[in-house]
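The next block holds one structure in the form of structure tokens; read it before the comments.
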Amino acid sequence: MIRFQSSRLSAEALAATARELPPLANTTSRIIDILGDPMFEVSELIKVIALDPVLTAKLLRLANSAACGIFRPAATVGDAIVRLGSGTILTLALSTTGKPPAEADLSAFGLTTQSYWRHCVASVAAAEELAARRVAKFGSGLSAAALLHDFGKLILARHLTPERSALMAEFLATHPGRCSIDAEREILGVDHALAGAVVTRHWKLPEEISMAIQNHHNPPDWEQDLWNGVILANQIALENDGHPDVSIDTLESVADAIMALGVDDQTYQSIAKASQDRFQQLLDLFD
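Offset between the sequence shown (1-based) and this note's numbering: plus 115.
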């Protein structure tokens, strides 16, 4: 333990990194502000989105996709908002921000920028299928939390010196059955879940989203449906990619989430299959 002390990150370092990130797009910031008011007017949201042609095109494309299962076309931004809901609007607005820069080095986590992004989108697909089954009252933040649940890895990567990366690799090599988040905590003193929550709080996203991100690996006893939804979305995405997280802590969290949400095996498998079908459509849309 002593030899790792010099490699540890402070809360101040994470906060400083969050402040150094490029600011959110003006449209995204305005959407966050508007949706933060439980009594927001749809007309205000329409005005903001209508000024962003790229986001408008994505919204209309998704609202008119087969996934929505509605034959009447959504012809306006207002139609799309009503059809998709505020949670999907927020997720689409955040999708550009959540995508990693091409130069990001995520090798310490066993990832490339492409595999990282595919997992994020796959998690959104699983989250949307969970929400569609109405297995719990997730609120409007599930898909956004699923999109950003691993964003903290991009933050930690900025601090991964060759020495820290080597220490993480050594830890994993000498501790069979442990996973990368254990290495993060042991070597860096923090994990990507906390780092991601630091950023989303800096962006002033709803606190329930930040809490879901912060607790998606080891939720406390007073867990909430939204956190459990992110836990399941993450695991379903990993399973669909053929790389489920089989660490003891994660398997316990997943089992607890399944029990808390009352998801039986048939429903779980159905959600996993449907999210696979939805994944490519979302990947094309978010790109």
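Using N, Cα and C, we set each Cβ at its ideal position, and we do this for glycine too. All of these numbers come straight from a predicted model, not from anything done at the bench.
Approximately 5 Å separates the beta-carbon atoms of Thr206 and Leu262; this is inside 8 Å, confirming the contact. Burial state of Asp380 is exposed, judged by a 10 Å Cβ sphere holding fewer than 16 other Cβ atoms. Counting only the Cα atoms, Gly377 lies some 18 Å from Ala389. Ser385 has its alpha-carbon roughly 37 Å from the corresponding atom of Glu159. Under the three-pair Cβ rule at 8 Å, the stretch 150-159 does not count as touching the stretch 331-346. Of all C-beta pairs linking the stretch 229-240 to the stretch 295-315, fewer than three are shorter than 8 Å, placing the two stretches out of contact. DSSP, read as helix, strand or coil, puts Asp364 in helix.
At the C-beta level, Gly311 and Gly267 come within 9 Å of one another. Residue nearest to Pro138 within the set Leu199, Thr382, Lys319 is Lys319 (criterion: CA-CA distance). If the five residues before and after Asn343 are omitted, its C-beta is found closer than 6 Å to the C-beta atoms of Ala372, Ala375, Leu376, all from its own chain and listed in chain order. The C-beta separation of Ala208 from Ile146 comes to about 5 Å, placing the pair in contact by the 8 Å criterion.
Inter-residue distance for Ser125 and Ala133 is about 13 Å (C-alpha atoms, whole angstroms). Straight-line spacing of the CA atoms in Val157 and Ser222 works out to 43 Å. Separation of Arg273 and Ala165 (C-alpha to C-alpha, rounded to the nearest whole angstrom) is 35 Å.
Per the coordinates, the alpha-carbon of Ile363 lies some 8 Å from the alpha-carbon of Gly292.
Taking 4 residues as the minimum length, the alpha helix (DSSP H) runs contained wholly in the stretch 175-233 are 192-199, 201-213, in order along the chain. Distance from the CA atom of Ala131 to the CA atom of His317, rounded to whole angstroms, is 10 Å. C-alpha of Gly202 to C-alpha of Asn355: approximately 23 Å in a straight line. In the three-state reduction of the DSSP assignment, Ala251 falls in the coil class, being assigned neither a helical nor a strand state. The residue from Gln396, Leu347, Ala281, Leu400 with its alpha-carbon nearest to that of Ala251 is Leu347. If you draw a straight line from the Cα of Ala387 to the Cα of Ala242, it comes to about 10 Å. Between Ile324 and Ala259, the C-beta spacing is below 9 Å.
Here Arg123 is actually not in contact with Gly256; their C-beta atoms are around 31 Å apart, not less than 8 Å. Straight-line spacing of the CA atoms in Val169 and Ala178 works out to 14 Å.
One thing to note: Thr227 has its Cβ no nearer than 9 Å to the Cβ of Pro216. Here Ala219 has Thr228, Leu269, Ala272 as same chain residues with Cβ atoms under 7 Å from its own Cβ, once five neighbours each way along the sequence are excluded.
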